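Trainee:
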Amino acid sequence: MAKKRVLLLSEGFGAGHTQAAHALSSNLRQLSPSIQTKVLELGSFLNPKIAPLIISAYRKTITTRPRLVGYMYRHQKSFNRFTALALHRMFYTSTKNVVKQLRPDIIVCTHFIPSAVISRLKRLGTNVPLCTVITDYDAHDTWISPEVDRYFVSTPEVKRKLLSRGVSHAKIQVTGIPIHPDFWTHPSKEEIRVQFNLLNMPTVLVMGGGWGIMNDEVVHEFLTRWREEIQIIFCFGNNDKGREEMESNPRFQHPNIRILGFTREIDKLMEVSDLLVTKPGGMTCTEGLAKGIPMLFHQPLPGQEEENCQYFTAQGLGEPIQSLEVLEKWMNKLLQQYDLLQQQRAQNLQNIERSHPMQSARSIIDMLENEKVYS
4 MAKKRVLLLS EGFGAGHTQA AHALSSNLRQ LSPSIQTKVL ELGSFLNPKI APLIISAYRK
64 TITTRPRLVG YMYRHQKSFN RFTALALHRM FYTSTKNVVK QLRPDIIVCT HFIPSAVISR
124 LKRLGTNVPL CTVITDYDAH DTWISPEVDR YFVSTPEVKR KLLSRGVSHA KIQVTGIPIH
184 PDFWTHPSKE EIRVQFNLLN MPTVLVMGGG WGIMNDEVVH EFLTRWREEI QIIFCFGNND
244 KGREEMESNP RFQHPNIRIL GFTREIDKLM EVSDLLVTKP GGMTCTEGLA KGIPMLFHQP
304 LPGQEEENCQ YFTAQGLGEP IQSLEVLEKW MNKLLQQYDL LQQQRAQNLQ NIERSHPMQS
364 ARSIIDMLEN EKVYS
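With this note's numbering as the guide, the letters of the sequence shown map in order to residues 4 to 378.
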């Protein structure tokens, strides 16, 4: 029996979209050995010279002009179709050949740009079922196209937003955002502490997002006031410059402070930590949700990160850092109400275990098994 082929397309605008694609790939292969998956960042694959320049420009924009990012987010409807057409003509003219060569039985997009491009190809005659995974706790207009056969969304609230924009009820499925299976496991905390040379004491994990964007020096230095009583792990991702600057700062040279660069074991660090300080990216928030860890959100970008922050705050799973008093309150909680926080975390884990972490993968398998419906 021939293996079913699933092509997962993403883009490198932040790490979360591609992480979701790889997570979904792992989930699919874990559920069914008869499925073959391939993950591509479409723009980088087709244009390895141009794509990094565009992504670098975008990264610079979000760090230096976040208000512009917010403006673009709020006004995407006005140039949605024009942008999709321009990108199709400029960067993705070879996409049809890629689809023809790989012959996928289904295409899954975890970023709205490849979703728009495949949608246009379908309008021009390409006949492959298309799924779109919305990787945040909001949905803007650029995600929406009549050629999408199935939307996988994070919450009922996002489903209602799609319905209000005219998407058919039958096309939308609330599955949660796919994350790597490791985040749903709970390995021995003692073994993790030995691996990372950590102590058994209240622990805070500070993350700067997939790109390692951590530039809130006020917050970081404020946290070190508790370095004698609370262990602090700073994870810089790919931000080598920021990591080196912190390592050279005497304020952070302390036995209870760990400074890390890129790691593929964030799941273990979340497991052994008691509080997560992070930018509210959709993937990071979902990973924290799977671990049941309380979250503090710093410097959300205008747009989807603000929406993510609002959602998790409303659910009682996180809180924005609107002042240093918020940090002080939580650090005191770790010292004075540690057992209560552990009980709340256990309750969080019970609540999320009611939903299955692989719903989107199972839905894709169902679509493959009923492919005649989409042919």
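Glycine included, C-beta positions come from ideal geometry on N, C-alpha and C. No experiment lies behind these values; they were computed from the predicted model shown.
1) Quick check on the burial criterion: 16 or more other C-beta atoms within 10 angstroms. Buried or exposed for M334?
2) From which residue to which residue does the beta strand (DSSP E) around Y154 run?
3) Short of 8 angstroms in beta carbon distance, which residues of its chain neighbour A293, apart from the five on each side in sequence? Order them along the chain.
4) Can you tell me which of H257, R163, A24 puts its alpha carbon nearest to the alpha carbon of I110?
5) DSSP on V170, reduced to helix/strand/coil?
6) Please classify Y341 as buried or exposed, where buried requires at least 16 neighbouring CB atoms within 10 angstroms.
7) Classify P307: buried if its beta carbon has 16 or more other beta carbons within 10 angstroms, exposed otherwise.
8) Let me know the secondary structure DSSP gives E44 once reduced to three states.
9) How is W214 classed by DSSP in three states: helix, strand or coil?
10) Just how far apart, CA to CA, sit N351 and E331?
11) Is the beta carbon of G285 sitting closer than 7 angstroms to the one on D139?
12) Figure out for me which residue from F199, F155, E194 has the closest Cα to the Cα of G179.
13) Do V275 and K192 have their CB atoms nearer than 7 angstroms?
14) Just verifying my parser: in three-state terms, what is the DSSP assignment at L202?
15) Roughly how many angstroms separate the alpha carbons of T67 and A5, rounded to a whole number?
16) Would you be able to state if there are at least three C-beta pairs under 8 angstroms between the stretch 237-249 and the stretch 305-321?
Mentor: So, to answer that:
1) Taking the first residue of the sequence shown as position 1, residue 334 is located at position 331. Buried is the call here.
2) Taking the first residue of the sequence shown as 1, we reach residue 154 at position 151. Following the DSSP letters along the chain, one finds Y154 inside the beta strand (DSSP E) bounded by residues 153-156.
3) In the sequence shown, residue 293 corresponds to position 290, counting from 1. Cβ contact annotation for A293 (same chain, cutoff 8 angstroms, sequence separation greater than five): I182, F186, W187, I355, P360, in chain order.
4) For the purposes of this step, residue 110 is identified with residue 107 of the sequence shown, where counting begins at 1. Cα-wise, what sits closest to I110 is A24.
5) By one-based count along the sequence shown, residue 170 stands at place 167. If DSSP states are grouped into helix, strand and coil, V170 belongs with coil.
6) What you label residue 341 is simply residue 338 of the sequence shown in a count that begins at 1. The residue is exposed, with fewer than 16 neighbouring Cβ atoms inside 10 Å.
7) On the sequence shown, residue 307 is found 304 positions in, with the first residue counted as 1. Sequence check: residue 307 is Gln here, not Pro. Label assigned to Q307: buried.
8) Locating residue 44 in the sequence shown gives position 41, counting from the first residue. E44 falls in the strand class under three-state DSSP.
9) Here residue 214 is taken as the residue at index 211 of the sequence shown, counted from 1. Confidence is the limiting factor: at W214 the pLDDT is only 46, short of 50, which leaves the residue's position unreliable and the question unanswerable from this model.
10) As a working note, residue 351 is residue 348 in the sequence shown. As a working note, residue 331 is residue 328 in the sequence shown. Approximately 23 angstroms, taken between the alpha carbons.
11) Here the question's residue 285 lines up with position 282 in the sequence shown. Here the question's residue 139 lines up with position 136 in the sequence shown. Their beta carbons are under 7 angstroms apart, which means G285 touches D139 by this criterion.
12) Indexing the sequence shown from 1 puts residue 179 at position 176. When each option's Cα is compared against that of G179, the closest is F155.
13) The sequence position of residue 275 within the sequence shown is 272, counting from 1. The sequence position of residue 192 within the sequence shown is 189, counting from 1. Yes.
14) The residue labelled residue 202 in the question sits at position 199 within the sequence shown. Of the three classes helix, strand and coil, the one that applies to L202 here is coil, per DSSP.
15) Residue 67 sits at position 64 when you count from the first residue of the sequence shown. Residue 5 sits at position 2 when you count from the first residue of the sequence shown. Caution applies to T67, whose pLDDT of 49 falls short of 50 and renders its modelled position unreliable; the model cannot decide the point.
16) Note that the stretch 305-321 does not touch the stretch 237-249; fewer than 3 beta-carbon pairs, one per stretch, sit closer than 8 angstroms.
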